[in-house]
Structure formats: C-alpha cells, structure tokens
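S.K.:
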Amino acid sequence: MLLHVDPTDARPLHEQLAAELRRAIRTRDLAAGDRLPTAKELGEALGLNANTVLRALRALRDEGLLEFRRGRGIRVSALSPGDAEVAELVRQLVEVGERNGYRREELAHMIEEFG
908 MLLHVDPTDA RPLHEQLAAE LRRAIRTRDL AAGDRLPTAK ELGEALGLNA
958 NTVLRALRAL RDEGLLEFRR GRGIRVSALS PGDAEVAELV RQLVEVGERN
1008 GYRREELAHM IEEFG
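This is the structure in structure tokens:
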C-alpha cells in the first residue's frame, strides 16, 4: 500500500491521508478485512503526527469504510469499492451543503426529489 501526503498541498494533511486511503479501498489496494498499521506506525512512515493520522482514520470510520476493534486493530470494512465512492460523494455533498447553509434534512429532501 503506497500512500502519499504533500505538506505543500493546501488541503489539511488528515484530509489528504483520508483521500489516499479511500483511493486505496476503491482500487482494492486495501480489501475488506485488511488490517491497517497503527496510527503511530502510519504516522512514522508518512512523517505525520499520530493524532493527524487518527483524525483521518476516524473520518473513514464515520463513513463506514473502516472498523475499529479493540484488540484487533483497524480493519477495512466490508463496503464494496462502489460503496466507498458513493460514501465519499455523500461526504462531499454534506460538506458543501453545510458550507452553503443547508441542513442535512434539506439535502436528503433534495436527493429524494432527484430520485
């Protein structure tokens, strides 16, 4: 698994890492059930603080892409790559919607209207 973050990129490092992990899941470089290195190990490999790595991992957990299991580490969930892509688009929709003053209920209503 080859991950890359660019300190000169305008995006926060945790967002870059989350995007790299999403890509790895989508391209099946990371498959369902695969165990990820610890946040400390990932941070050392990428030159990032462990808290920055944890922030990215928690975002992916909240999207359903990763599972945190005490004593078993962090694993890729059983979502398909298509699910991961849709989850990323939904995350972006919510982010843009909230930035423009939309509540999540309003976004859900808009999605229903398009369906």
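The number in the numbering used here is simply the position in the sequence shown, starting from 1, with 907 added. Backbone N, C-alpha and C fix where the C-beta goes; we use that ideal spot for every residue, glycine too.
Just how far apart, CA to CA, sit residue 915 and residue 923?
M.R.: Rounded to the nearest angstrom, the two C-alpha atoms are 11 angstroms apart.
S.K.: Do you know how far the Cα of residue 929 is from the Cα of residue 938?
M.R.: Their backbone Cα atoms lie some 11 angstroms apart in a straight line.
S.K.: May I ask you to list the residues that DSSP assigns as paired with residue 973?
M.R.: DSSP output for residue 973 lists 983 as bridge partner(s).
S.K.: With burial defined as no fewer than 16 other Cβ atoms inside 10 Å of the residue's Cβ, what is the status of residue 1016: buried or exposed?
M.R.: Looking at its Cβ environment, which holds fewer than 16 other Cβ atoms inside 10 Å, residue 1016 is exposed.
S.K.: How about residue 934: is its Cβ closer than 7 angstroms to a heavy atom in the ligand FAD?
M.R.: Although the ligand FAD was asked about, the structure shown includes no ligands whatsoever.
S.K.: With DSSP run on the structure shown, which of helix, strand or coil describes residue 942?
M.R.: If DSSP states are grouped into helix, strand and coil, residue 942 belongs with the strands.
S.K.: For residue 950, does the three-state DSSP call read helix, strand or coil?
M.R.: Of the three classes helix, strand and coil, the one that applies to residue 950 here is helix, per DSSP.
S.K.: To the nearest angstrom, report how far apart residue 1001 and residue 942 are at their CA atoms.
M.R.: Looking at the two C-alpha atoms, the distance is approximately 28 angstroms.
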